[in-house]
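Here's the structure, in structure tokens; my notes come after.
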Amino acid sequence: MIQLLPRQLLALSRWFPAAAPGPAALAEHALATGTGQWWADRAVHPRTVAVRCGDHALLRGDPDALTAGDLTPLADCCIDAPDRFLPALGTAFDQVIPWERMVYTQRTSPTSTPRLPWGVTLRRLTPEHAPALAELGTDTAWIHGTWGGPTALAASGLGWAAFHKDHILAVACARLLSSRYEDIACVTVPEHRREHLAIACVTALCTDIAARGHTPSWSCSRDNRPSRLLAWTAGFRLEREYVHYVTGSPTRHDRLTA
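In structure tokens:
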């Protein structure tokens, strides 16, 4: 596939649903923020289109339009694609692992208002908080991956964090934006879990999202019970279930033809 230029993107957005909750918002987010990369099998009248933002991707169209190596840009990624792409994914990567996922939307108010521990304050993210986001480390870098890094997320103003002095203990942010939904990501540093910091951040963020006229959504693994419980506590209810595919390294095609 070929990487597409920005001027080609607006027409390609028709390949993906608008105003969708959860990871389906990835295409709208990429267009709105200028992050991510787009590919197609050809520039004019494409048959297959892919968009990647952070460690997630959407893949749509006709898998028969793909040739060896076309899917290499989607290596080490979570791909939302119809089942008809499975043979192509299996050929392209050394592993393809199905991952059952759940998408929630907020339908009720949070069941409780948490009290923060002494010395902890809740603040909206601003540009000056970029170093504190970066300080969280590589294990949590996924939370700002769809923004292109901590600086862009902090500058967006679309997040809330629990601080002790200048250190972030927990953060919730709009990870994906669509014209109707904002999909939430949340993380708490391990030594401060079970202190109700996450629900405090999520509650503040959801209030902001509603004020913007949008609806909060939430995506997580079926097996992630803590995330599902947090979503329920914050007033989220199940919208749909789906499967995405976690890819490994690209397969060496010279080995396939040897």
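Per the numbering used here, residue 1 is the first one in the sequence shown, and the count goes up by one each step. Glycine included, C-beta positions come from ideal geometry on N, C-alpha and C.
What does a CB cutoff of less than 6 angstroms around Ala-130 pick up in its chain, not counting 5 residues either side in sequence?
Correct list, in chain order: Pro-150, Thr-151 and Ala-154.
Taking Cβ to Cβ, would you say His-192 is nearer than 8 angstroms to Ala-170?
yes
Exposed or buried, Gln-95, counting other C-beta atoms within 10 Å across all chains shown (16 or more means buried)?
exposed
Taking just the CA atoms, how far does Glu-100 sit from Arg-240?
11 angstroms
Tell me which same chain residues have a C-beta within less than 6 angstroms of the C-beta of Ala-24, skipping the five on either side of it?
Pro-17
Name the one or two DSSP bridge partners that Phe-16 has.
Residue pairing from DSSP leaves Phe-16 without any beta-bridge partner.
What does DSSP give as the partner residue(s) for Phe-163 in the beta ladder?
Thr-121 and Ile-168
Check whether the Cβ atoms of Met-102 and Leu-238 lie closer than 8 angstroms to each other.
yes
Cβ-Cβ separation, His-29 to Ser-179 (assumed contact under 8 angstroms), whole Å:
The pair is not a contact, with the Cβ atoms about 10 angstroms apart (cut-off 8 angstroms).
Cβ neighbour criterion (16 or more within 10 Å) applied to Trp-160:
buried
Opposing strand residues paired with Gly-61 [DSSP bridges]
Thr-48
Excluding the five sequence neighbours on either side, which residues of its own chain have a C-beta within less than 6 angstroms of the C-beta of Leu-5, listed in chain order?
Contacts found: none.
Over what stretch of residues does the beta strand (DSSP E) that includes Asp-80 continue unbroken?
Run containing Asp-80: 78-80, per the beta strand (DSSP E) assignment.
Residues in the same chain with beta-carbon distance under 6 angstroms from Ala-174, minus the five sequence neighbours each way, listed in chain order, please.
Leu-158 and Glu-182
Under the rule that 16 or more other beta-carbon atoms within 10 Å means buried, what is Arg-52, buried or exposed?
buried
Nearest-angstrom Cα distance between Gly-137 and Ile-2?
33 angstroms
Please check the pair Ala-92 and Thr-251, which I expect to be a contact at CB under 8 angstroms, by giving their CB distance rounded to whole angstroms.
6 angstroms
Where do the N-terminal and C-terminal ends of the beta strand (DSSP E) with Asp-183 fall, by residue?
Run containing Asp-183: 181-188, per the beta strand (DSSP E) assignment.
Determine which residues share a DSSP beta bridge with Glu-100 and list them.
Answer is Val-243, bridged to Glu-100.
Whole-angstrom Cβ separation of Ala-57 and Ala-50, contact assumed at under 8 angstroms?
6 angstroms
Does the pairing of the segment 224-235 with the segment 192-203 give three or more beta-carbon distances under 8 angstroms?
yes
For Ala-162 versus Val-202, is the C-beta distance shorter than 8 angstroms?
no
Alpha-carbon to alpha-carbon, His-164 and Leu-71
43 angstroms
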